[in-house]
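Numbering-wise (full-length UniProt numbering), the sequence shown opens with residue 1 and increments by one. The beta carbon of each residue, even a glycine, is placed where N, CA and C say it ideally should be. Single-structure report; data block below.
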Amino acid sequence: MRLPSVRFLPSSAAPAVAAANARIAWLARAGNMEGARAAFEAMPLRTTASYNALIAGYFRNHLPDAALALFRGMPSRDLGSYNALIAGFALRRHTLPDAAAALASIPIPPSVVSFTSLLRGYVRHGFLDDAIRLFHQMPDRNHISYTVMLGGFLDAGRVDDARSLFDEMPDKDVVSRTAMLSGYCQAGRTAEARVLFDEMPKRNVVSWTAMVSGYARNGKVNLARKLFEVMPDRNEVSWTAMLFGYIQAGQVEDAEDLFNAMPERRPVAACNAMMVGFGSCGKVDAAKAVFERMRERDDGTWSAMIKAYEQNEFLMEALSTFRDMSSRGIRPNYPSVISILTVCSALAIRNSGRELHAAMLRCSFDMDVFAVSALITMYIKCGNLDKANRVFSMFEPKDVVMWNSMITGYAQHGLGEEALGVFNGMQFAGMAPDSITYIGVLTACSYTGKVEEGREIFNSLCTDSAIRPGAEHYSCMVDLLGRAGLVDEALDLIKNMPSEPDAIIWGALMGACRMHKNAEIAELAARKLLELEPESAGPYVLLSHIYTSTGRWEDASKLRKFISSRNLNKSPGCSWIEYDKRVHLFTSGDILTHPEHAIITKMLEKLDGLLMESGYSADGSFVLHDIDEEQKVHSLRYHSERQAVAYGLLKVPEGMPIRVMKNLRVCGDCHAAMKLIAKITSREIILRDANRFHHFKDGFCSCRDYW
C-alpha cells in the first residue's frame, strides 16, 4: 500500500519527517541507496521533499531509471521535484536533452535554480554555446548563475570573455573573484591575476592558495614562496601547491626542505608529489622511504612509486609494486598503466603485458591514443607483431606515434616490406611523417638490405621534406650502406655531413667494417670513437674482432693486453626469460647465482655435445680477453643468451617458442650457435637483442645473417 505524501504536516510530525529526509540525503551521499530507500519506505508520512531527496540520490549514484520511475510515481510534485530531475539529467552528457525537456515541461514558471541546473550541465560537458544561449534567455540570474557561466568561459580558455562577464556581475563574492584569478593564472597571465588579488576586499585561504599556485605553475617559484610566507592561514592545499611548484621547476632540494617543514600529518597529495620529485632526480630510496611511512595511500601514491622505479630502471621493483597494488584491489590509474607498459616493453614480458591490456579494457584506457600507442609498442617489444597489428588496425583516429610504432616494430623484426607498406599507408592516410618516422623506415631498409629504397627515402628527406635530416638519419644511412658492403660510400657520406658526426655514426661505420673485414677504415673509426668516448671498451672490442678475423693475430693480442691493462667501461652482457610469471635473469660468465644452476649447466654441456656433432666450431674472436682456446670455448658457453635458452629448453613446453631478451647485441658465435640449437632441438627461439629481433628456426635466422 502506497502511503500518501502530504504538503502540510502536523507540527508534532515535522521534526521526525525532516530528520528522515536528512537521513535519506546522507545515506545517498554515502552511496548507500538501499539504506536510503529503506529509510524512505519506513516513513509513516512523506512529504514531496522526501521524494525529491531520494530522486537526487538515485541520480547521484548513477541510477537514472530508478529516479525517473520515482518521479513519475509521485502523488504530487513541486518545483523542487523538477529541479531535482533537471539537475540529475544534467549530470551526464547523453541525458542533457532530457534535462532541457524537463525544464520545458515545468507547469509553473521555472525558478533561477531550474535554469542554473541546466546551465551547469551545459558548462560541465563543454556545450558552451548552449550555455551562453540559455544564460541570455534566463529571466533572472543570481550570483551562482554568473559564477557557473564564468567557469564555463574559463574552462574553455576564453579569459577575456570571462572578464567581461565578471565586470557585469552585480555581486562579486570571494568565490567569483577567486575563479577569475585562477583563470588568469591558467592562461599564464599572472600579472593581471595579481592585480585582481590585490583588489579583493576579502580573501580566504582558497584565494591565497590560488595566487600561490598560479605563480608556482607558471615557473615563478620565488614569487610564490614570498606570498606563501605571508599567508595569514595555510591549509594542506597551500603547502602542496608550493611543493608542486618547486618540483615542477626541478628544485627538488627546496621541495624536500619545504616537505620536512610541513605539519606532521602531511597530506597524501604532498607525499605523492615529493615521491615524484625524488624519482625525477634519481633518489629512489628517498621516494621509497616516503612511500613506506605513509599511513594512507591512494592510487596516485602507488603510481608515483611505480614511476620512480620505472624512470630509474628499477624495472623488477616497478613490476612488483604494481602487482602488490593490484593484489590490494586498487585499480590502476593512467600514469601507472603507462609506467608498467614501459616496463613490460623493456623486459619484453608478454604475460604481464596481456594482463595489463585486460586491465586497460576494464578501466577504459583503451580509448586513449597515448596509452594505445604504448600498448602497441609493448606488444612489438614482446615480439607479438600480430597482436600489435590488431590493436593498431582497430584504433581510430591514429596519431603519428602509432604509425611510427608499427614501422619501427616491423623494422626490428626484419620485415622491411611490411614497414614500407605501413609508411606508404601513413602517407596515403594524409598523416605527415615526422623525424622518428624516417628513422624507422630507414632502419627497416638497413636491416633488410633495401639500399635503393633507402637512398630514395633519404634523398626525399633531404630535398622534399620540411624535416632536416639529423645525426640519427645519417647514422641509419651509414648503417644501410655499410651493411651492404658500401663502406667507402658510407665514409664519404660521413665526411660530407653538415654537422660533426657523433659516436653513434662512427659506431655504425665500425660495425660495417667488422662485417666486411675492412681494418683500414675500422682503425679510422676507432680513433674517432676513442676521441668521443675515451673510457668505452666498445671500439677496442670491435677492432680486436676485426684484427682476428683478418689474420692480424699479433695486433689482436696487443690490443687485448692493452684492454686488460686498463679499466675500461664495458657493459656486462645479461639476458632474461619470462617463465611462470617470473623474470629469470642470467649474466655472462656467472651461472651460479641462479637457484637451478646445476640443471642449466648440464643442459649447456649437453648442447655443447650436440653442437659439436653438428659441425659447430666455437669462434674465439668473440672472446675479449687474451686466454687460451679452451678457456675461450668455456667463456662462450656461458654467454648470457645461451644460459637463458638452456633454461627455456628445460622449462618452456614443447611447441611454444622460447623468448629471450638481451641487453647487448648478440655476438656472432652465439648467433651461429642459436641457429644450430633451433635445428637440433626442433624449437623456435626468438631473441631480442639491443638492435632487433632474431627468429631462429630450422637452422636459419630471420635476419638472414644480416644484422
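Between the CA atoms of residue j and residue i - distance to the nearest angstrom
i	j	result
PHE59	ALA104	20 Å
MET515	THR448	15 Å
HIS694	LYS675	10 Å
ARG390	TYR410	14 Å
LEU650	SER640	16 Å
ARG354	SER682	27 Å
SER176	LEU150	8 Å
ALA261	GLU292	19 Å
ASP464	LEU154	42 Å
MET656	ILE686	11 Å
GLU453	PHE259	57 Å
GLY416	GLY183	51 Å
ILE521	ASP492	11 Å
ALA156	ASP366	26 Å
ALA99	GLU472	56 Å
MET200	PRO170	15 Å
PHE696	ALA678	6 Å
LEU79	ILE86	11 Å
ALA503	GLU236	49 Å
ILE591	ILE658	19 Å
PHE700	ILE680	12 Å
VAL112	SER145	8 Å
GLY152	PHE423	42 Å
DSSP three-state assignment for residue i, whether helix, strand or coil
i	result
ALA16	helix
VAL583	strand
PHE40	helix
LEU664	coil
ILE591	coil
PHE71	helix
THR47	strand
LEU91	coil
ALA308	helix
HIS694	strand
ARG659	strand
ALA700	One point to set straight first is that residue 700 is Phe, not Ala, in the sequence displayed. Reduced to three states, the DSSP call for PHE700 is strand.
SER617	coil
SER111	coil
CYS574	strand
ARG29	helix
ARG688	strand
Exposure of residue i, with buried meaning 16 or more beta-carbon neighbours within 10 Å
i	result
VAL230	exposed
THR342	buried
GLY511	buried
ASN222	exposed
LYS387	buried
GLN137	exposed
PHE370	exposed
THR593	exposed
VAL276	buried
TRP506	buried
CYS462	exposed
LEU361	exposed
HIS413	buried
LYS495	exposed
PRO109	exposed
SER164	exposed
GLY126	exposed
GLY287	Reading off the sequence shown, one finds Ala at residue 287, where the question assumed Gly. Its Cβ being crowded by 16 or more others within 10 Å, ALA287 is buried.
HIS94	exposed
PHE562	exposed
Any C-beta of chain B under 8 Å from that of residue i
i	result
ASN351	Here there is only one protein chain, and chain B is not present.
Residue i beta carbon near the ligand GDP (any heavy atom closer than 7 Å)
i	result
GLU418	In the structure on display, the ligand GDP does not appear, and there are no ligands present to speak of.
- [ ] Tell me the start and end of each unbroken beta strand (DSSP E) in the region 139-168 that is at least 3 residues and wholly inside, in chain order.
- [x] Whole beta strand (DSSP E) segments, 3+ residues: zero.
Open item on the list: Please give me, in chain order, every unbroken run of the alpha helix (DSSP H) with length at least 4 that falls completely inside the region 512-541.
Closed with: 519-532
Task: In chain order, each alpha helix (DSSP H) run of at least 4 residues that lies wholly inside the region 184-225 - done: 190-199 and 205-217
Task: the region 651-664 contacting the region 602-614, beta-carbon criterion three pairs below 8 Å - done: no
Open item on the list: Can you confirm whether the region 399-414 touches the region 428-447 when touching is taken to mean that 3 or more C-beta pairs between the two stretches lie within less than 8 Å?
Closed with: yes
- [ ] Assess, as a yes-or-no matter, whether the region 14-27 is touched by the region 43-59 under the definition of 3 or more beta carbon pairs within less than 8 Å.
- [x] The region 14-27 and the region 43-59 touch, with three or more beta-carbon pairs separated by less than 8 Å.
Open item on the list: Quick check on the DSSP output: what are the complete alpha helix (DSSP H) runs of length 4 or more inside the region 351-431, in order along the chain?
Closed with: Assignment of alpha helix (DSSP H) within the region 351-431, counting only whole runs of 4 or more residues, yields 369-381, 385-394, 400-412 and 416-428 in chain order.
- [ ] Inspect the CB distances between the region 573-586 and the region 534-549 and report whether three or more fall short of 8 Å.
- [x] no
TODO: With a floor of 4 residues, list each alpha helix (DSSP H) that falls wholly inside the region 453-497, ordered by position along the chain.
DONE: Taken in chain order, the complete alpha helix (DSSP H) segments of 4 residues or longer contained in the region 453-497 are 471-483 and 487-495.
Task: Every unbroken alpha helix (DSSP H) within the UniProt repeat "PPR" (235-269), with a cutoff of 4 residues, ordered by chain - done: 236-248 and 252-261
- [ ] Would you check if the region 263-283 and the region 313-327 touch, i.e. whether three or more CB-CB distances between them fall below 8 Å?
- [x] Two segments are said to touch when three or more pairs of C-beta atoms, one from each, lie closer than 8 Å; by this definition the region 313-327 does not touch the region 263-283.
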